[in-house]
Structure formats: structure tokens, C-alpha cells
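The block underneath contains the structure these notes are about, expressed in C-alpha cells.
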Amino acid sequence: MNIDLVDDEPTPVPHRKLQPGKLVIASHNEGKVREIRALLEPYGIEPVSAASLGIPEPEETGTTFVANAELKARFSADLSGMVALADDSGLCVDALGGDPGVYTANWAETPNGRDWQLAMRKVEDALAAKGPEAGRDAHFVCVLSLCWPDGHVESFEGRVDGTLTWPPRGAVGFGYDPVFVANGMEQTFAEIDPAEKHAISHRADAFGKLVAAVLG
Numbered sequence: 568m569n570i571d572l573v574d575d576e577p578t579p580v581p582h583r584k585l586q587p588g589k590l591v592i593a594s595h596n597e598g599k600v601r602e603i604r605a606l607l608e609p610y611g612i613e614p615v616s617a618a619s620l621g622i623p624e625p626e627e628t629g630t631t632f633v634a635n636a637e638l639k640a641r642f643s644a645d646l647s648g649m650v651a652l653a654d655d656s657g658l659c660v661d662a663l664g665g666d667p668g669v670y671t672a673n674w675a676e677t678p679n680g681r682d683w684q685l686a687m688r689k690v691e692d693a694l695a696a697k698g699p700e701a702g703r704d705a706h707f708v709c710v711l712s713l714c715w716p717d718g719h720v721e722s723f724e725g726r727v728d729g730t731l732t733w734p735p736r737g738a739v740g741f742g743y744d745p746v747f748v749a750n751g752m753e754q755t756f757a758e759i760d761p762a763e764k765h766a767i768s769h770r771a772d773a774f775g776k777l778v779a780a781v782l783g
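The numbering of the sequence shown is my numbering, which starts it at 568 and goes up by one.
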């Protein structure tokens, strides 16, 4: 009996090149929009925010950064008819089992909107509850997902490791930046020049992979 051997290895799918022109940034977070715009503009991309187009924020039902980023990118691409770029990112604290993780923004939710001072305090209180022996190692994760109107999606993940400090320091970042110090640095992400952050952040790491795949 002859047995045909089947190669179970998936066939690599070629990356789709992103052409110059308008692209929707699927976010209502102005801090993220600013950072992504600064990263994209040198490549001839004209970023427009989902908020400026009246596109609402979808409910983030995913349990991973990739799932949520792809969900948001598909949503904006479907409603705009343009290529959409979504970011899902968060702070993962080792001593808290990776929390707040994909629920990073939820820790900032209040009846009046997001309060990042409150979110940072929640993280600090949770660490304090673990006792003085709890480590302060943490990392930021960022997944950037590109979705074309025909449903084609590509995702890229980046990470930056560091430690948490208290009290918060700096005023030029957003989110948890005032309590995060990247490895090898002394200042928080909210104390350094934005251009310096763009060069080393989790978002920059993910963006570098995106550039190599679809803009290179």
C-alpha cells in the first residue's frame, strides 16, 4: 500500500503592502492617536482617527491583546471602507499574575470617564496588598492590527520590560506611563521626551515589525 506523505506545515501568507494615503486609527485615545500618527507620517500615510469620522468604539470582548486589536481594526475598516489600524496594549505586572493586562483600561473606568490616577493607585494598592516581598517587575505589551476593507488582517506584537515606581512622575505621557521605568533607564515614560519613548516603547517595537512587513 502506498502512503502519501502530507506536509502539515502551513504555507506562509505573503504580507500585503500598505500603500500611501489615508488610514483610520481605530482609537478614541488621543494619546495613542498622537503616538501612532507620529510613527506613520514619515511613510506617506495620512492617519485619521475613528473619533473624527464618527466611528464609535466597539465592545472589547477578546481575552487577548491580539483578539481585541483585530476586533477594533475590523470594526473601523468595515464602517469606513478604508484600511484601519488598531492598537491594543496594556500593562502586565508580574506579581499580579499579569494584571491588569487586557483589562488595563478597565482599571481606569469611572462613571465620569477614565481616571488614570485612579488606575495607577489601584495597581499600587494591589502590590501593597501582596506585601513588601512582592516584586515590581512589569512590562507593556502592544499589538498593532491592520485590517483592509476586504477583511485581510495582519497583527504585530511588541513589548518593553521595566519596573514600577511610586509615586507617579512626569506629565508628558499617558495611561500608566508615570509609574513605568523601562529597563536601563531612570526616568519614567512620562518624564522622557516623546521622541525617546517612540524609539524604545512597546508600540515602537510592534511598529518596527509592522514597517518591516508592510511598509518596507
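Where is the CB? At the ideal position from N, CA and C, for every residue including glycine.
Cut-off 8 Å between Cβ atoms - residues of its own chain near residue i, not counting five sequence neighbours on either side
i, result
"valine 573", "Note that valine 573 has pLDDT 47, beneath the 50 cutoff, so the model's placement of it is unreliable and no number is given."
"leucine 694", "Val660, Ala662, Leu663, Ala701, Arg703 and Leu731"
"glutamate 785", "The question about residue 785 has no answer here: the residues shown for the chain are numbered 568 through 783."
"aspartate 645", "Pro716"
Distance between beta carbons of residue j and residue i, contact taken as under 8 Å
i, j, result
"leucine 713", "leucine 652", "5 Å"
"glycine 729", "asparagine 750", "5 Å"
"valine 591", "alanine 618", "Not confirmed; about 10 Å, so no contact."
"alanine 634", "alanine 593", "Their Cβ separation, rounded to whole angstroms, is 14 Å, which puts alanine 634 and alanine 593 out of contact at 8 Å."
Close beta carbons around residue i, own chain, < 7 Å, minus the five adjacent residues each side
i, result
"methionine 568", "For methionine 568, the predicted structure reports a pLDDT of 43, less than 50, and the residue's modelled location is therefore unreliable. The matter cannot be settled from this model."
"cysteine 659", "Gly665, Gly668, Ala705, His706 and Val708"
"histidine 582", "Glu721, Ala780 and Val781"
"lysine 589", "Glu613, Val615 and Met649"
"glycine 677", "At residue 677 the sequence reads threonine, which differs from the glycine that was named. So the qualifying residues of the chain are Leu685."
For residue i, the three-state DSSP class (helix, strand or coil)
i, result
"leucine 585", "coil"
"glycine 657", "strand"
"phenylalanine 741", "coil"
"proline 761", "helix"
"isoleucine 592", "strand"
"arginine 770", "helix"
"glutamate 597", "helix"
"alanine 651", "strand"
"glutamate 676", "strand"
"proline 734", "coil"
"proline 667", "strand"
"proline 609", "helix"
"glutamate 602", "helix"
Proximal residues to residue i (C-beta, below 6 Å), its chain only, five neighbours per side dropped
i, result
"proline 745", "Pro735, Arg736, Gly737, Thr755 and Ala757"
"valine 642", "According to the sequence provided, residue 642 is phenylalanine. The question's valine does not apply to it. Excluding sequence neighbours, phenylalanine 642 sits near Pro625."
"arginine 604", "Pro614"
"phenylalanine 723", "Leu711, Ala773, Lys776 and Leu777"
"arginine 601", "none"
For residue i, the first and last residue of its enclosing beta strand (DSSP E)
i, result
"aspartate 728", "720 to 731"
"proline 614", "612 to 616"
"histidine 706", "704 to 714"
"valine 748", "747 to 749"
With 16 other Cβ atoms within 10 Å as the buried cut-off, status of residue i
i, result
"serine 768", "buried"
"glutamate 637", "buried"
"alanine 766", "exposed"
"lysine 584", "exposed"
"isoleucine 570", "Low per-residue confidence applies at isoleucine 570: pLDDT is 45, beneath 50, and the placement is therefore not dependable, though the value from the model is reported in the following sentence. The residue is exposed, with fewer than 16 neighbouring Cβ atoms inside 10 Å."
Proximity test, Cβ basis, 8 Å: residue i and chain C
i, result
"valine 708", "The displayed structure is made up of one protein chain only, and chain C is not part of it."
Segment limits, alpha helix (DSSP H) that includes residue i
i, result
"glutamine 684", "683 to 696"
"glutamate 624", "Here glutamate 624 belongs to no alpha helix (DSSP H), and DSSP marks it neither H nor E."
beta-carbon residue i near the ligand HEM non-hydrogen atom, thresh 7 Å
i, result
"serine 656", "Absence of the ligand HEM from the depicted structure is noted, as is the absence of any ligand whatsoever, leaving it without description."
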